[in-house]
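Undergrad: Structure incoming, see below.
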Amino acid sequence: MMNFSLLKDMIFLVFTISNFCTSIGFNIPYVYIPAHAKILGMSKTQGSYLISAIGVANTVGRIILGYIADKPWVNRLLIYNVCLTACGVATTMVPLCTDFNSLLIYCCVFGFTIGAYVGLTSVILVDLLGLDKLTNAFGLLLLFQGIASFIGAPIGGFMFDIKHSYNPAFVMAGLMIAVSGLVMFAIPPMQRYQARKPDPKLNGEQIALS
């Protein structure tokens, strides 16, 4: 059930690093948006509206992105990478959002784009590794996601204790999510390299036959 030999696969390793970075920043908006809004002078009701906006946008994002990704002519990996990068960039800009409307727009963007992370991870795994490796690969992925999710929000809280502001936590979360999307752009060149690389087993058989 825990086949750690998958970590020798560079493509899977890159995907694991990406998921780890995403999971560090994933929970911070959910946990700290209401408190951040309160510091900016907004009411508890407005803070709850922001969380609701993330949830609604996330539901819509999963449905729309899943529908688009199901089309045979669509590059699912590209959608995944672009959404994570955009989500990270938007999160780093939270310090610029100083009123309810701007924070509401951010929450909608975050909720929609992070839907690719939740909705397309298993599909991307199948595309990269094949259906036969999905169970083991997803299990390992969840292990690293769990570790990252466990430490992400406390890191944000530690930053707040030092700076007395949630802005550093959002910047950190945004950078992690953006990096997670950017590193995934390395996978297509890696796939092309592996496709050009000669198969050592095939070469050995050719030598034996000769």
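Each step along the sequence shown adds one to the number in the UniProt record's numbering, with nothing skipped, and position 209 is 209. Glycine is no exception: its CB is placed at the ideal position from the N, C-alpha and C atoms. Note that this is a predicted model, so its numbers are computed, not measured.
#1: Kindly list the residues whose CB is nearer than 7 Å to the CB of I17, restricted to its own chain and excluding five residues on each side of it in sequence; keep chain order.
#2: In the structure shown, what three-state DSSP assignment does S102 receive?
#3: Just to confirm, are T113 and A69 a CB contact at a threshold of 8 Å?
#4: Could you say if the region 172-181 and the region 81-97 meet the contact criterion of at least three C-beta pairs nearer than 8 Å?
#5: With a CB to CB cut of under 7 Å and the five nearest residues on each side skipped, what residues in its chain are close to F160?
#6: Spatial neighbours of P29 within its chain, please: C-beta separation below 6 Å, excluding the five flanking residues on both sides.
#7: Kindly indicate which residue of C21, I124, N136 has the alpha-carbon position closest to the one of residue 254.
#8: Helix, strand or coil: which one does DSSP assign to D127?
#9: Within its chain, find whatever has a CB closer than 7 Å to the CB of S149; leave out the 5 residues flanking it on each side and keep chain order.
#10: Could you compute how far the alpha carbon of I145 sits from the alpha carbon of C21?
#11: Considering Cα atoms alone, identify which of G130, K44, G119 is closest to N19.
TA: Quick answer:
#1: V183
#2: helix
#3: no
#4: yes
#5: Y166, A169
#6: F110
#7: Residue 254 is absent from the structure shown; the chain starts at 1 and stops at 210.
#8: helix
#9: S23, F26, N27
#10: Here residue 145 is Gln; the residue named in the question, Ile, does not match the sequence. Cα to Cα, the separation comes out at about 9 Å.
#11: For N19, the nearest C-alpha among the options comes from G119.
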